[in-house]
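Trainee: If you read the sequence shown in the working numbering, its first letter stands for residue 7, the second for the next number, and so on. Beta carbons: idealized from backbone N, C-alpha and C, even for Gly. One structure, pasted below without further comment.
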Amino acid sequence: MTRTSNFRAVTGTAAALTLIAVGIAGQAHAKPSGDVILSMNDGHTVLDHKGKMVGAEHPVPDSIALIGVAGDRARVLASVAVPGNVEGPPTAAWISPDARWGIITSGTKIDPANPAALAHNNVVSVLSFDAGAPHVVNQVAAGEGATGVAVTPDQMMLLVADRFSGTVSVFAIHQRALQPVGKVDLGAKSTPTSIVILKDGKTALVGRHGNDDLAVLHIDGEHVSFDGTSIPVGHFPVTMDYNAATNTAAVGNMGKGKGEIDSVSVIDVAAVPYRVRATFPVGIGPEPLKFSPDGRFLAVGSVNGSNKPDSSFYHKDGYLQIFAMQDGAPYKVTDIAVGAWPQGIGFSRSGREILVQNMTDRTISVLHWNAAYTQLTPSILLKVDAGPASMATPW
């Protein structure tokens with residue numbers, strides 16, 4: 007595997023998380039120009055020597071960062087403090103197609119009774135980006151362990167996976183305000199993770215970590231239901247993505263976290279019943295996973311034991327593998343080293359740049375394709391003030 011590490015460091019947000027708005031239009035209803043990617047950053051979680059998530063001894067505020075991408079260059083445009091967390095899949099963020107607003111969830115916080123430990127949280131925050139600097143405009147409560155989020159194509163409904171409650175919280179969206187309209191019970195031990203909503207807006211898939219499957223939910227207006235239909239996949243599905251252009255979903259199966267080779271399942275959702283078209287081996291801990299905007303490539307990261315410093319399979323870096331999708335059958339194109347404990351992945355709108363969050367390092371790797379789409383090279387390493395833990399793009 008390529009193990010290139012000659013990144014150029016670029017400082018991003020201000021140390022005290024003061025609000026900045028370089029490059030963000032200041033007029034009301036204006037939106038950022040160019041490609042804008044949303045990063046949610048966790049400042050309260052660190053790993054102990056055994057790889058267990060614990061409360062940071064010196065926590066900093068959780069935050070979001072808006073990242074501008076132009077060609078192979080990238081910079082942090084703005085940042086603001088907002089509750090977030092790394093517990094669960096790196097899909098706890100959403101940004102609207104016009105990049106005017108977004109949604110962030112927070113499923114953990116520092117335990118007030120024991121600052122060295124983490125406690126459950128349930129906060130869902132709505133942010134506005136279209137009136138200058140980003141700011142929180144609405145916060146509501148979901149279930150315990152609020153994590154993966156998905157919004158219907160018409161932006162009228164929000165689904166939130168409640169990791170510790172075994173439910174999906176359902177919200178109606180009215181002018182960016184969230185109104186709770188119900189919860190869907192997926193089983194007390196289901197541990198729901200990522201959610202994707204298909205392009206018809208009537209069907210959602212929810213990863214059930216505890217059931218080794220994807221639950222199929224039905225959306226009818228503000229009513230969301232689960233009739234027991236599910237799609238068996240690999241062991242411990244966590245991070246899921248969906249590409250509307252190809253009508254294909256994929257999920258990373260995390261396994262038992264014992265250093266074994268894990269897998270990714272590709273699901274054809276073009277016709278009912280939905281079916282797994284391929285399950286193929288990848289590296290250790292495929293938590294980062296993302297399709298390119300055109301569905302041509304699937305990027306799969308490997309945590310690679312970089313979050314297990316006391317284990318026999320520890321490596322200081324994670325890495326990224328790129329698979330080309332040909333009639334639903336993936337084949338590997340290339341791989342490249344990234345930082346420790348990689349999380350979310352974001353492609354630029356053109357697909358020529360790939361951003362990868364490195365939670366432990368508090369950096370975001372920016373990678374650039376060559377002209378033939380056969381090799382990736384590092385271009386910039388963005389620094390942020392908290393561990394980047396979820397990523398979302400408007401496309």
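Given 7 Å as the limit, tell me if Thr209 has its C-beta closer than that to any heavy atom belonging to the ligand ADP.
Mentor: For the structure depicted, the ligand ADP is absent and the ligand set is empty, with no information on it obtainable.
Trainee: Measure the CB-CB distance between His374 and Asp78 and report whether it falls below 8 Å.
Mentor: For His374 and Asp78, yes; Cβs fall inside 8 Å.
Trainee: When the Cα atoms are used, what is the spatial distance from Val372 to Thr285?
Mentor: Rounded to whole angstroms, Val372 to Thr285 spans 28 Å at the Cα level.
Trainee: Report the residue from Ser354, Phe329, Val362 whose alpha carbon sits nearest the alpha carbon of Ala343.
Mentor: For the residues Ser354, Phe329, Val362, the minimum Cα distance to Ala343 belongs to Val362.
Trainee: What number of angstroms, rounded off, separates the C-alpha of Thr24 from the C-alpha of Pro67?
Mentor: Here the model assigns Thr24 a pLDDT of 33, short of 50, so the residue's position is not dependable, and the following value carries that caveat. Rounded to the nearest angstrom, the two C-alpha atoms are 11 Å apart.
Trainee: Are Ser396 and Pro198 touching if we call contact CB-CB under 8 Å?
Mentor: Not closer than 8 Å, so no.
Trainee: Under 7 Å Cβ to Cβ from Val192, same chain only, skipping five residues before and after it: list those, please.
Mentor: In the sequence as displayed, the identity of residue 192 is Leu instead of Val. These residues qualify, in order along the chain: Gly172, Thr173, Val174, Pro198, Val212, Arg214, Ala221, Phe232.
Trainee: Which ranges does the beta strand (DSSP E) cover as unbroken runs of at least 3 residues, wholly within the region 299 to 376, from first to last along the chain?
Mentor: Here the runs fully enclosed are 303 to 308, 325 to 332, 335 to 343, 348 to 353, 359 to 364, 369 to 375.
Trainee: Going by Cα to Cα distance, which pick from Gln332, Glu266, Asp367, Met246 is closest to Leu387?
Mentor: For Leu387, the nearest C-alpha among the options comes from Asp367.
Trainee: If I measure Cβ to Cβ from Asn144 and keep anything under 7 Å in the same chain, skipping five residues before and after, which residues do I get?
Mentor: If we look at Asn144 and ignore the five residues flanking it on each side, its Cβ neighbours are Val132, Arg182, Ala183, Leu184.
Trainee: What do you get for Val157, buried or exposed, if any count of 16 or more other CB atoms within 10 angstroms of its CB means buried?
Mentor: With 16 or more other Cβ atoms within 10 Å, it is buried.
Trainee: Quick check: the Cα distance between Val146 and Val130, rounded to an integer number of angstroms?
Mentor: Each residue's alpha carbon lies about 5 Å from the other.
Trainee: Could you tell me the alpha carbon to alpha carbon distance between Phe177 and Gln381, rounded to whole angstroms?
Mentor: When rounded, the distance between both Cα atoms is 42 Å.
Trainee: When burial is assigned at 16 or more other CB atoms within 10 Å of the CB, is Arg169 buried or exposed?
Mentor: Counting Cβ neighbours within 10 Å, Arg169 comes out buried, since at least 16 surround it.
Trainee: When burial is assigned at 16 or more other CB atoms within 10 Å of the CB, is Gln327 buried or exposed?
Mentor: Its Cβ being crowded by 16 or more others within 10 Å, Gln327 is buried.
Trainee: Please state whether the Cβ-Cβ distance between Gly3 and Trp100 is less than 8 Å.
Mentor: The chain is shown from 7 up to 401; residue 3 falls before or after that span and cannot be answered.
Trainee: Check whether the Cβ atoms of Asp316 and Gly291 lie closer than 8 Å to each other.
Mentor: No. Outside cutoff.
Trainee: Within the same chain, show all residues whose beta-carbon is closer than 7 Å to that of Asp48, passing over the 5 residues directly before and after it, in chain order.
Mentor: Cβ neighbours of Asp48 beyond the five flanking positions: Asp68, Gly90, Asn91, Val92, Ala392, Gly393, Ala395.
Trainee: Just how far apart, CA to CA, sit Thr383 and Asn376?
Mentor: Their backbone Cα atoms lie some 8 Å apart in a straight line.
Trainee: What is the residue span of the beta strand (DSSP E) that Asn249 lies within?
Mentor: Element bounds for Asn249: 243 to 249.
Trainee: With H, G and I counted as helix, E and B as strand and the rest as coil, what does DSSP make of Met59?
Mentor: Of the three classes helix, strand and coil, the one that applies to Met59 here is strand, per DSSP.
Trainee: Could you compute how far the alpha carbon of Ala414 sits from the alpha carbon of Leu204?
Mentor: What is shown of the chain runs 7 to 401, which leaves residue 414 out entirely.
Trainee: In terms of alpha-carbon separation, which member of Lys264, Thr235, Met46, Thr254 lies closest to Phe242?
Mentor: Checking every option, the nearest Cα to that of Phe242 belongs to Lys264.
Trainee: So the candidates are Arg106, Ala152, His141; which of them puts its Cα closest to the Cα of Gln161?
Mentor: Nearest option by C-alpha distance: Arg106.
Trainee: Is the beta carbon of Ser236 less than 8 Å from the beta carbon of Ala256?
Mentor: No. Outside cutoff.
Trainee: Cutting at 6 Å between CB atoms, please list the residues of its own chain near Ala250, excluding the five before and the five after it.
Mentor: Excluding sequence neighbours, Ala250 sits near Lys205.
Trainee: Mind pulling the beta strand (DSSP E) runs of 3 or more residues that sit fully within the region 63 to 146?
Mentor: For the region 63 to 146, whole beta strand (DSSP E) runs of length 3 or above, ordered along the chain, are 69 to 76, 79 to 87, 99 to 101, 107 to 117, 120 to 134.
Trainee: Can you tell me whether Gln349 is buried or exposed, with buried defined as 16 or more other CB within 10 angstroms of its CB?
Mentor: So Gln349 counts as buried.
Trainee: Determine the DSSP secondary structure at Thr380, reduced to helix, strand or coil.
Mentor: Thr380 falls in the coil class under three-state DSSP.
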